[in-house]
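Heads up, the thing below is written out as structure tokens.
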Amino acid sequence: GPSETPYEGGVFQLAFSVPEQYPLLPPQVRFLTKIFHPNVHFK
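Okay, so the sequence shown: first residue is 1 according to UniProt numbering, each after it adds one.
Encoded structure:
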């Protein structure tokens, strides 16, 4: 991530899924790694 942010130096795992109907349906992507967000508390 950008310097001087909570994401600096971060390594993130993502999952990509491309449907058989592509390009009629878009690919999907989601984070497998929990990422920091100041308004979300993971408990």
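For every residue, glycine included, the Cβ atom is placed at its ideal position computed from N, Cα and C.
Membership of Q13 in any beta strand (DSSP E) is not indicated, and neither H nor E is assigned to it by DSSP. Closest in alpha carbon position to V18, among H37, H41, K43 and R30, is R30.
With contacts defined as CB atoms closer than 8 Å, P27 and F12 fail to qualify as a contacting pair. Each residue's CA atom was taken as its position, placing G1 and E20 some 32 Å apart. F31: member of the beta strand (DSSP E) spanning Q28 to F31, first to last residue.
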